[in-house]
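Chains as they are written, first to last, in the numbering used here: chain A, 23 to 284; chain B, 221 to 497.
Backbone N, C-alpha and C define an ideal beta-carbon position, used for all residues, glycine too.
Remember, it's a predicted structure, so these values are computed and weren't measured experimentally.
Remarks on the structure that follows.
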């Protein structure tokens with residue numbers, strides 16, 4: 023599923039002032055691509071994601087998915103939020119099946135798929151546990167399964183691993199890569215970790231601070247499936263370096279000399 | 221493959237067992253405190269300088285309870301009837317109203333100020349008016365119970381409806397949830413903990429409401445019993461009636477807590493602190 027974002031601008035009214043969250047942002051995402059959006063906090067990258075989902079209306083500009091204009095949430099969409107957003111009164115399996123229930127796809131028919139997805143993220147045997155009995159990483163795995171249950175062709179992820187510890191995050195990066203390769207789902211992944219973005223992406227979109235727009239797009243040409251050790255290779259580091267230099271240019275990062283001079 | 225998860229489940233079961241055990245052993249502590257206070261009280265009234273007309277002995281209260289148990293039982297039944305009818309009516313009005321307020325900002329703007337404003341009227345002060353309108357029977361007592369329990373149930377339920385996070389709302393929308401689905405699958409279950417805490421507060425208030433209404437005018441119920449015993453300077457009988465009321469309030473509260481545990485096993489107020497990871 024391809025996504026086209028054309029000159030999207032988003033204004034917010036905040037305390038009587040107009041804040042420009044996004045300024046004439048354009049981006050094209052190809053079918054089956056893994057694209058990550060990286061940028062400083064408050065740069066509107068989550069807003070961009072919500073606009074792609076149809077959950078937020080842009081002030082100006084058009085988003086089309088497979089050529090169709092996005093006016094609201096569409097059925098081919100799966101979202102993973104920053105917090106897991108699991109419903110605490112539902113068991114793991116019931117949380118995943120909620121997607122089927124609300125979309126009226128038949129919980130019975132999709133139970134098999136739900137179990138398969140859970141097994142895919144290493145949660146077989148946990149189907150009947152409740153969210154409060156799971157760790158943060160496990161909860162986020164469940165929410166990934168929930169987002170994938172109805173076979174979406176577009177997966178949107180809003181800083182899904184931001185609240186997890188570094189090691190859990192590494193593991194989930196590996197697992198996510200495997201799942202995306204297996205399912206061939208188009209994925210847009212918002213993060214503020216350069217390392218995570220380089221590791222996961224086919225292309226990495228770098229956003230400037232507010233009023234933000236696309237500053238640079240890096241194509242990451244590292245062979246799949248990538249192993250965690252790829253992060254110690256010169257090629258990987260060259261991409262990270264490039265991303266850091268872009269952030270320095272737009273004033274998000276300041277290197278040691280610059281700070282001592284200032 | 222399955223052995224690890226199964227072990228985990230067993231562990232959870234074991235933990236739950238341990239918790240219910242620790243709850244059981246906590247209970248006798250408070251009983252022990254009550255017994256100590258009771259014994260001290262008995263000593264003070266027997267050998268201290270406290271007149272039994274001012275403060276009856278615990279033994280006198282207990283013997284009064286035993287002698288008049290039949291009377292207490294029927295009067296308690298009357299009061300309980302008022303409470304139960306009043307409480308259920310209150311729930312039937314307050315919870316749907318909270319849903320309505322939670323569903324629509326317009327309805328909220330229209331009714332919320334009126335509901336909050338109405339709470340500045342002390343319910344107790346309008347009990348005599350209700351008596352004038354509805355006479356000595358069951359009705360005015362039930363109405364006082366409704367009025368006194370309505371607010372905590374409504375406000376807590378409303379707060380629960382509004383507590384749904386934006387993220388959960390977005391999740392529901394991304395699934396294409398209808399307004400009803402949003403309410404039924406996301407908002408209402410999420411509000412249940414608040415609804416229960418409102419009902420728990422309301423149970424204790426409902427006893428107060430029923431007794432006050434009986435004070436104002438009635439010919440039966442535990443409140444009536446207290447009034448009559450007061451005019452006869454029979455403090456032991458009054459204390460006995462008060463203790464019956466206390467037991468009734470406690471029982472109602474315990475039933476509500478039990479119900480909460482059954483309905484919300486997942487909620488933090490039900491899970492014990494050391495179970496969280």
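*asked:* Can you check whether the C-beta of residue 184 of chain A is within less than 9 angstroms of a C-beta belonging to chain B?
replied: no
### Message
Can you find the residues in the same chain that come closer than 6 angstroms, C-beta to C-beta, to residue 210 of chain A, ignoring five residues on each side of it along the sequence?
### Response
57 and 178
Can a CB atom of chain B be found closer than 9 angstroms to the CB of residue 80 of chain A? no
*For the region 462 to 474 of chain B, enumerate the residues whose C-beta is nearer than 9 angstroms to any C-beta of chain A, in chain order.*
none
message = Looking at chain A, is there any beta carbon in it that lies within less than 9 angstroms of the beta carbon of residue 414 of chain B?
response = no
Exposed or buried, residue 349 of chain B, counting other C-beta atoms within 10 Å across all chains shown (16 or more means buried)?
exposed
Exercise. Taking 9 angstroms as the CB-CB cut-off, is residue 154 of chain A touching chain B?
Worked result: yes
(request) Return the CA-CA distance between residue 98 of chain A and residue 88 of chain A, expressed in angstroms with no decimal places. (result) 11 angstroms
Looking only at C-alpha atoms, which of A:205, A:176, A:170 and A:163 sits nearest to residue 192 of chain A? A:163
Proximity test, Cβ basis, 9 angstroms: residue 395 of chain B and chain A
yes
Within chain A, the residues that residue 388 of chain B reaches when beta carbons sit closer than 7 angstroms: 107
message = Give the list of continuous beta strand (DSSP E) stretches no shorter than 3 residues that lie fully inside the region 397 to 422 of chain B.
response = none
Query raised in the report: At what residue ranges does the region 253 to 303 of chain B contain a whole run of the alpha helix (DSSP H), taking only runs of 4 or more?
Result: 278 to 287
Taking Cβ positions only, does residue 477 of chain B come closer than 9 angstroms to chain A?
no
Original post:
What residue does the alpha helix (DSSP H) around residue 504 of chain B start on, and which one ends it?
Top reply: Coverage of chain B is limited to positions 221 through 497, which leaves residue 504 of chain B absent and any answer about it impossible.
| request: Would you kindly work out how many angstroms separate the C-alpha atoms of residue 346 of chain B and residue 485 of chain B, rounded to a whole number? | output: 40 angstroms
Next item on the list: Quick one: grab the DSSP three-state call for residue 477 of chain B.
Entry: helix
Same chain only: Cβ atoms within 7 angstroms of residue 84 of chain A, ignoring 5 sequence neighbours per side
28 and 91
Problem set entry | Residues that residue 123 of chain A contacts on chain B, provided the C-beta gap is smaller than 8 angstroms | 405
- How would you list, in chain order, the residues of chain B whose beta-carbon sits under 7 angstroms from the beta-carbon of residue 233 of chain A? Within chain B, no residue comes near residue 233 of chain A; the closest Cβ sits about 23 angstroms away, beyond 7 angstroms.
Subject >> Close beta carbons around residue 456 of chain B, own chain, < 7 angstroms, minus the five adjacent residues each side >> reply: 276, 280, 281 and 284
For residue 257 of chain B and residue 376 of chain B, the rounded distance between their alpha carbons: 36 angstroms
In the DSSP assignment, what are the bridge partners of residue 33 of chain A?
-> A:42
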